[in-house]
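Participant: Before I ask anything, let me first share the structure, which is written out below as structure tokens.
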Amino acid sequence: MERIEFSRPASELSCIVGNLYESLEPPCGISGGPDDIITLFGQTHTGEHAVLRVLADRCVYIGPRDALESVLNGKCPDWGCAHGG
């Protein structure tokens, strides 16, 4: 599990979340910070679990690097989306 901070336009976040996660689960026991707007937890498309904390100025991801990098680099599993090409 790696911690990666990144920033993307809000218009891309829905695509990133939709392509990063296969399923979402309640983030019970995962403490968010006071600046968190939303905390997402679930299984990524690589089959591992990850946390994505969305803050006003950035996102903090804790999970497998390859799952996030494939989506951020425009290699979305669903190639029909605007972000993935």
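Residue numbers (our numbering): 2 to 86.
C-beta atoms are modelled at their ideal positions from N, C-alpha and C, and glycine is treated no differently.
If you're wondering where the values come from, they're calculated on a predicted model, not measured in any experiment.
Grab the span of the beta strand (DSSP E) containing A51 for me, first residue to last.
Facilitator: The residue given as residue 51 occupies position 50 in the sequence shown. Where A51 is concerned, the enclosing beta strand (DSSP E) stretches over H50 to L56.
Participant: Which value, in whole angstroms, describes the spacing of the CA atoms of I39 and N74?
Facilitator: Stepping through the sequence shown from its first residue, residue 39 is reached at position 38. Stepping through the sequence shown from its first residue, residue 74 is reached at position 73. Taking the straight line from one Cα to the other gives about 23 Å.
Participant: Comparing C-alpha positions only, which one of L25, E6, G30 and M2 sits nearest to Q44?
Facilitator: Position 43 of the sequence shown, counted from the start, is the residue given in the question as residue 44. The shortest Cα separation from Q44 among L25, E6, G30 and M2 belongs to L25.
Participant: Please state the DSSP three-state secondary structure of I17.
Facilitator: Within the sequence shown, residue 17 is the residue found at index 16, counting from 1. Here I17 sits in helix by DSSP.
Participant: Rounded to whole angstroms, what's the CA-CA distance from H50 to D36? Just pull it up for me.
Facilitator: Counting from one through the sequence shown, the residue named residue 50 turns up at place 49. Counting from one through the sequence shown, the residue named residue 36 turns up at place 35. One C-alpha to the other measures close to 22 Å.
Participant: Rounded to a whole number of angstroms, what is the C-alpha to C-alpha distance between E6 and I17?
Facilitator: Indexing the sequence shown from 1 puts residue 6 at position 5. Indexing the sequence shown from 1 puts residue 17 at position 16. Answer to the nearest angstrom: the Cα atoms are 14 Å apart.
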